[in-house]
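Position 30 of the sequence shown, counted from 1, bears residue number 30 in the UniProt record's numbering, the numbering being contiguous throughout.
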Amino acid sequence: MPETRLLDNHSTTCVTLKNVDELIGKNLDSRFDAIDKRFDAIDLQFEVIRREMNEGFSRIEYFLTDHWTNNIKLMIATNIAVFGTVIASLALLSNYLK
1 MPETRLLDNH
11 STTCVTLKNV
21 DELIGKNLDS
31 RFDAIDKRFD
41 AIDLQFEVIR
51 REMNEGFSRI
61 EYFLTDHWTN
71 NIKLMIATNI
81 AVFGTVIASL
91 ALLSNYLK
């Protein structure tokens, strides 16, 4: 490819198109590398946030299910105790009224 020479507006030096292409290419490559690094940093931040959210949801799920099952057991035990007390009271009342 023949090198085409352009006159630089700011000085009297000549710049070849090949050199301009190389300069622009290097500049674009460095910009794309910087953008890639930023996206990698953002990906890492999202990964940390996602992991923390999953851990939080797991803790909430464990807390709710563990306490929920304990509450259900407590409610069943309370109902049995109340039901037993009612039956005993009715038995005493029926014996008293005979």
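Even glycine gets a Cβ: it sits at the ideal position worked out from N, Cα and C.
In this text, all values refer to a predicted model and were calculated from it rather than measured experimentally.
Which value, in whole angstroms, describes the spacing of the CA atoms of residue i and residue j?
{"i": "Thr69", "j": "Leu92", "result": "34 Å"}
{"i": "Asp43", "j": "Arg31", "result": "18 Å"}
{"i": "Val86", "j": "His67", "result": "28 Å"}
{"i": "Phe47", "j": "Leu74", "result": "The sequence as given places Glu at residue 47; Phe does not occur at that position. Between Glu47 and Leu74, the C-alpha separation is close to 40 Å."}
{"i": "Thr55", "j": "Ala81", "result": "For the sequence presented, residue 55 should be read as Glu rather than Thr. Their Cα atoms are separated by approximately 38 Å."}
{"i": "Ser89", "j": "Asn79", "result": "15 Å"}
{"i": "Tyr62", "j": "Asp33", "result": "43 Å"}
{"i": "residue 100", "j": "Ile60", "result": "Because the chain here runs from 1 to 98, residue 100 falls outside it and cannot be looked at."}
{"i": "Lys26", "j": "Gln45", "result": "29 Å"}
{"i": "Lys37", "j": "Asn71", "result": "50 Å"}
With DSSP collapsed to three states, give me the class of residue i.
{"i": "Lys26", "result": "helix"}
{"i": "Lys98", "result": "coil"}
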